[in-house]
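Visitor:
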Amino acid sequence: MAPPSELRGGFAEYEYVVPVTKVVKIPDEVTEEEAIGVACAFRSVMAAFEKLNGVGYGDTVVIQGAGPIGLYSLLLAREGGAGKTIVIGAPANRLELAKKWGANHVINIDEIKDPAERKAIVMELTNGKGPELVVECSGFPPAFAEGVDMVQIGGRYLVIGLTSPVPVTFTPYALVQKNLQIIGSGGANNRHFYKALQFIKTHKDRYSFADIVTKKYKLEEINEALADMKAGTQIKPVIDNRNR
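Residues in the sequence shown are numbered consecutively from 10, following this note's numbering.
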């Protein structure tokens, strides 16, 4: 039975849970701030890397985008055996967290605006070969062509962030010429919720997961939170309804 229409919203003090809903328990060792990114970003990343079937040991991985999806992709790349990780994105506070979480190199797109210049930096960092794996997490359609252009011959391109219906320019010849694998991934299920929470539980001594929450807002401040999220000034803005 569908819930009453007035109970379907998410920005509310209470939420209606459909009786058939499956839930995943947050481990006692994981705080709410550490777990907050699992509900959307981390579960999606976990599902995407499952489709990828692992990172090649010692591979160079380029992450396009430094939001929650990009940051969690960085962690799975590192823990999956990547030899070098490069995060391309903005603003600076997100790149600082990427470095804190172990990125070997970061490229700020606010400072280096030309895709050709960004590619040149990546090529220099990979001895002219390009990365074995590029992970698109930006949601910015032009990033697709940039990712295809920089990945090395025989490499893989994992696309997670492009949920917009905006078309992109793509020459299939590049796919054949470079022997590329392009893997798309969207959504996740309860298994990926569980795997993401277990990852946090077993790696919390290595990574400050709670740092992804950069500001908390009251429910009455929802419009400010949405504006900050759209502007990219906060990594993970959170509506905190506790103690109401």
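All residues carry an ideal CB built from backbone N, CA and C; glycine is no exception.
#1: Tell whether a beta-carbon distance below 8 Å holds between GLY63 and GLY79.
#2: Do LEU83 and TRP110 have their beta-carbon atoms positioned less than 8 Å apart in this structure?
#3: Find the nearest neighbour of TYR66 within the set ALA129, ILE72, THR94, judged by alpha-carbon distance.
#4: Considering only the alpha carbon of each residue, which of PHE149, ILE118, MET159 lies closest to ASN136?
#5: Go ahead and pull the three-state DSSP assignment for ILE209.
#6: Do you know whose CA, among ALA197, GLN190, ILE118, lies nearest PRO181's CA?
#7: Below 8 Å on the Cβ atoms is my contact criterion, and I expect GLN207 with THR223 to pass it. Report the Cβ-Cβ distance as a whole number of Å.
#8: Please name the residue in MET238, LYS245, ILE97 whose C-alpha comes closest to that of GLU145.
#9: Starting from PRO124 and walking both ways along the alpha helix (DSSP H), at which residues does that stretch end?
#10: According to DSSP, is ASN261 helix, strand or coil?
#11: Compare the C-alpha of GLY170 against each of GLN161, ALA75, THR178 and name the closest.
#12: Just to confirm the assignment: which complete beta strand (DSSP E) runs, minimum length 3, are found wholly within the segment 57-92?
#13: With DSSP as the reference, please indicate the residues paired to TYR166 in a beta bridge.
#14: Verify whether the separation of the beta carbon atoms of PRO77 and ILE221 is less than 8 Å.
#15: Measure how close the beta-carbons of VAL177 and PRO140 come, nearest whole angstrom, since I'm counting them as under 8 Å.
#16: Leaving aside the five residues before and after GLY195 along the sequence, list all residues of the same chain whose C-beta is less than 8 Å from its C-beta, in chain order.
#17: Which value, in whole angstroms, describes the spacing of the CA atoms of VAL174 and GLN73?
#18: Which value, in whole angstroms, describes the spacing of the CA atoms of ALA44 and PHE179?
#19: How about GLU57 and LEU167: do their beta carbons lie closer than 8 Å?
#20: With a threshold of 16 other CB atoms inside 10 Å of the CB of ASP214, please say whether the residue is buried or exposed.
Guide: With the structure as the only source:
#1: no
#2: yes
#3: THR94
#4: MET159
#5: helix
#6: GLN190
#7: So it is not a contact: roughly 24 Å between Cβ atoms.
#8: ILE97
#9: 124-134
#10: The structure shown has nothing for residue 261, since the chain only spans 10 to 253.
#11: ALA75
#12: 69-73
#13: VAL143, ILE191
#14: yes
#15: Not quite, the Cβ-Cβ distance comes to about 20 Å (not below 8 Å), so this is no contact.
#16: SER53, ILE169, THR172
#17: Looking at the sequence shown, residue 174 is not Val but Pro. If I take the Cα positions, the gap works out to 19 Å.
#18: 37 Å
#19: Rather than Glu, the amino acid found at residue 57 in this sequence is Ala. The answer is yes: Cβ separation under 8 Å.
#20: exposed
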